[in-house]
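Chemist:
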Amino acid sequence: RAKSAGGHAVQFYEPEMQIAIDARVALESEIQLGLKHGEFELYYQPQIDIAGETVAAEALIRWRHPRRGLVSPIEFIPTAEDSGLIMPLGRFVLQAACEQLGAWAGDPELAQISIAVNISARQFHHPDFVDDVFRVLDSSAIDPSRLVLELTESVLLDSIDDAVGKMAMLKARGVRFSLDDFGTGYSSLYYLKLLPLDQLKIDQRFVGDLLTDANDAAIVCTIIALAQCLGLGVIAEGVECEQASDFLLAHQCHLQQGHLFSEALEREHFETFLQCRRADVCSRYNGQASDS
Ligand code: C2E
Ligand code: MG
Ligand code: MG
Ligand code: MG
406 RAKSAGGHAV QFYEPEMQIA IDARVALESE IQLGLKHGEF ELYYQPQIDI AGETVAAEAL
466 IRWRHPRRGL VSPIEFIPTA EDSGLIMPLG RFVLQAACEQ LGAWAGDPEL AQISIAVNIS
526 ARQFHHPDFV DDVFRVLDSS AIDPSRLVLE LTESVLLDSI DDAVGKMAML KARGVRFSLD
586 DFGTGYSSLY YLKLLPLDQL KIDQRFVGDL LTDANDAAIV CTIIALAQCL GLGVIAEGVE
646 CEQASDFLLA HQCHLQQGHL FSEALEREHF ETFLQCRRAD VCSRYNGQAS DS
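Per the UniProt record's numbering, the sequence shown starts with residue 406, numbered consecutively.
What follows is the structure, encoded as structure tokens:
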């Protein structure tokens, strides 16, 4: 190849690799443009408590791409992480989530809702991360305990001391922490002892086959018990059917998230979901009360 190019160019890559690299570079500049043009937005997936009330939402980023339509984070978060674009993207997510909390704080129906934000390992370990979060909290003037940061176990791999230090600073401000995809990463129980966590989030890979796979059921029960013993909250993600939800409730997992309740929704749809559900829950409780 180098010869056919005239002997000057030295090409180390196979053509397919070059195509992949070109695609990545193109995606990087598209992400940058997308940020500039305001193409990213947050969707909200309800988190439901034992009374059937929506008490929180996980903020999940979507890219409203001018040509490709709604793009899933799976398609661009890895590239954003590799290229460092996760910093401006992550800042956008934090800013948008805190602005939303600020807007909801004025509405009695919505003021109790917390928002969980996903934080990438590279974003978390950046020297500016804590200052970035503080700046967003200052500018939005929200109650910091309404903000939950979801970290994955990969965050801990990089540097446990850095993680503990940063979490302590943020916790001192009132920010809460959840350990996402729990049980699928590399963390040891020793880390659980060191980290100032508030919640374990059971990964959907354990929840999906809960009813048919005895090992998954055992793992889920163990995580719930572990959380209880450590004084942590616990939430199951990927709850798709009534029976799985009932199993989780019977085993004292009082917070659940999944398609059984709702997929991630645009802000307006999330607010409508909440109103309808409130009305539904109220009528059911009132119905019970009038029966007895
Ligand atoms: P995650 O944090 O574990 O989010 C849960 C994913 O599972 C979401 O996919 C959600 O839509 C999906 N999900 C929820 N309930 C169910 C269910 O009942 N069944 C099934 N099959 N799936 C369900 P999504 O929105 O595509 O996000 C994928 C991942 O992208 C997230 O996994 C998270 O790691 C990452 N991500 C999303 N938003 C952000 C963000 O703002 N920042 C960063 N750094 N990562 C993000
Ligand atoms: Mg998450
Ligand atoms: Mg997860
Ligand atoms: Mg996941």
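For every residue, glycine included, the Cβ atom is placed at its ideal position computed from N, Cα and C. From a predicted model like this one, the values you see are computed outputs, not experimental measurements.
(1) Per the contact definition of three or more C-beta pairs closer than 8 Å, is the stretch 526-533 in contact with the stretch 555-568?
(2) Is Glu-421 near ligand 2, going by C-beta to nearest heavy atom under 7 Å?
(3) For Gly-613 versus Glu-645, is the C-beta distance shorter than 8 Å?
(4) Could you tell me the boundaries of the beta strand (DSSP E) in which Val-535 lies?
(5) Taking DSSP as the reference, what is the three-state secondary structure of Gly-507?
(6) Determine whether the beta carbon atoms of Met-574 and Val-625 lie at a separation below 8 Å.
(7) Have a look at Ser-409 and Leu-432 and give me their C-alpha separation to the nearest angstrom.
(8) How about Arg-496 and Asp-543: do their beta carbons lie closer than 8 Å?
(9) Please classify Asp-427 as buried or exposed, where buried requires at least 16 neighbouring CB atoms within 10 angstroms.
(10) Spatial neighbours of Ala-502 within its chain, please: C-beta separation below 6 Å, excluding the five flanking residues on both sides.
(11) Among Tyr-448, Ser-525 and Asp-585, which one has its Cα closest to the Cα of Arg-467?
(12) Just tell me which of His-659, Glu-444 and Thr-627 has its CA closest to the CA of residue 402.
(13) How about Ile-640 and Gln-662: do their beta carbons lie closer than 8 Å?
(14) Report yes or no: do three or more beta-carbon pairs, one from the stretch 507-521 and one from the stretch 480-487, lie closer than 8 Å?
(15) Please determine if the stretch 550-567 and the stretch 581-597 are in contact, where contact requires at least 3 C-beta pairs separated by less than 8 Å.
(16) Looking at ligand 2, does it come within less than 7 Å of Asn-523, judged from the CB to the closest heavy atom?
(17) Among the residues of its own chain, which have a CB less than 7 Å from the CB of Leu-490, if the five just before and after it don't count?
(18) Quick one: Cα of Asp-586 to Cα of Lys-606, how far?
(19) Less than 8 Å between the beta carbons of Gly-638 and Asp-603, yes or no?
(20) Check this for me: beta carbons of Gly-590 and Thr-627, under 8 Å apart or not?
(21) How about Leu-660 and Gln-517: do their beta carbons lie closer than 8 Å?
(22) Is there at least one non-hydrogen atom of ligand 3 closer than 7 Å to the beta-carbon of Asp-608?
(23) Starting from Glu-555, trace the beta strand (DSSP E) both ways and give me its first and last residue.
(24) Please report the distance separating the alpha-carbon of His-656 from that of Ile-424.
Modeler: In short:
(1) Enough Cβ pairs lie closer than 8 Å, so yes.
(2) Against the sequence shown, residue 421 aligns to sequence position 16. Checking the Cβ of Glu-421 against ligand 2 gives no.
(3) Walking along the sequence shown from the start, residue 613 turns up at place 208. Walking along the sequence shown from the start, residue 645 turns up at place 240. Result yes, Cβ atoms of Gly-613 and Glu-645 sit closer than 8 Å.
(4) Counting from 1 along the sequence shown, the entry for residue 535 is found at position 130. Careful: Val-535 lies outside any beta strand (DSSP E), inside the alpha helix (DSSP H) at 534-545.
(5) Translated into the one-based positions of the sequence shown, residue 507 becomes position 102. In the structure shown, Gly-507 sits in a helix (DSSP, three-state: H, G or I).
(6) If you number the sequence shown from 1, residue 574 lands on position 169. If you number the sequence shown from 1, residue 625 lands on position 220. Not in contact: Met-574 and Val-625 (Cβ atoms no closer than 8 Å).
(7) Reading the sequence shown from its first residue, position 4 is the one you call residue 409. Reading the sequence shown from its first residue, position 27 is the one you call residue 432. Note that Ser-409 scores 47 on pLDDT, short of 50, meaning its location in the model is unreliable and no value can be drawn from it.
(8) Counting from one through the sequence shown, the residue named residue 496 turns up at place 91. Counting from one through the sequence shown, the residue named residue 543 turns up at place 138. The answer is no: Cβ separation not under 8 Å.
(9) Locating residue 427 in the sequence shown gives position 22, where the first residue counts as 1. A residue is called buried when at least 16 other Cβ atoms come within 10 angstroms of its Cβ; Asp-427 does not meet this threshold and is exposed.
(10) Here residue 502 refers to the residue found at position 97 of the sequence shown. Counting only Cβ-Cβ distances below 6 Å, and skipping sequence neighbours, we find Ala-464, Ile-520 and Val-522.
(11) Reading the sequence shown from its first residue, position 62 is the one you call residue 467. Measuring from the Cα of Arg-467, the nearest candidate turns out to be Tyr-448.
(12) For residue 402 there is no data in the structure shown, the boundaries of the chain being 406 and 697.
(13) Taking the first residue of the sequence shown as 1, we reach residue 640 at position 235. Taking the first residue of the sequence shown as 1, we reach residue 662 at position 257. The Cβ atoms of Ile-640 and Gln-662 lie closer than 8 Å to each other.
(14) Taking 8 Å as the limit for Cβ pairs, the verdict is that the stretch 480-487 does not touch the stretch 507-521.
(15) Using a C-beta cut-off of 8 Å, the stretch 550-567 makes contact with the stretch 581-597, since at least three inter-stretch Cβ pairs fall below that distance.
(16) Start at 1 with the first residue of the sequence shown, and residue 523 comes out as number 118. Flag set: Cβ of Asn-523 near ligand 2.
(17) The count along the sequence shown starts at 1 and reaches residue 490 at position 85. Around Leu-490: Glu-433, Ile-436 and Gln-437.
(18) Here residue 586 is taken as the residue at index 181 of the sequence shown, counted from 1. Here residue 606 is taken as the residue at index 201 of the sequence shown, counted from 1. Answer to the nearest angstrom: the Cα atoms are 6 Å apart.
(19) Here the question's residue 638 lines up with position 233 in the sequence shown. Here the question's residue 603 lines up with position 198 in the sequence shown. Taking 8 Å as the Cβ cut-off, Gly-638 and Asp-603 qualify as a contacting pair.
(20) If you number the sequence shown from 1, residue 590 lands on position 185. If you number the sequence shown from 1, residue 627 lands on position 222. It is not a contact, given that the beta carbons lie outside the stated cut-off.
(21) The residue you call residue 660 lines up with position 255 of the sequence shown. The residue you call residue 517 lines up with position 112 of the sequence shown. No; because the gap between Cβ atoms is not below 8 Å, this pair is not in contact.
(22) Mapped onto the sequence shown, residue 608 falls at position 203. Answer for Asp-608: yes, Cβ within range of ligand 3.
(23) Numbered from its first residue, the sequence shown carries residue 555 at position 150. That run of the beta strand (DSSP E) goes 552-557.
(24) In the sequence shown, residue 656 corresponds to position 251, counting from 1. In the sequence shown, residue 424 corresponds to position 19, counting from 1. Looking at the two C-alpha atoms, the distance is approximately 50 Å.
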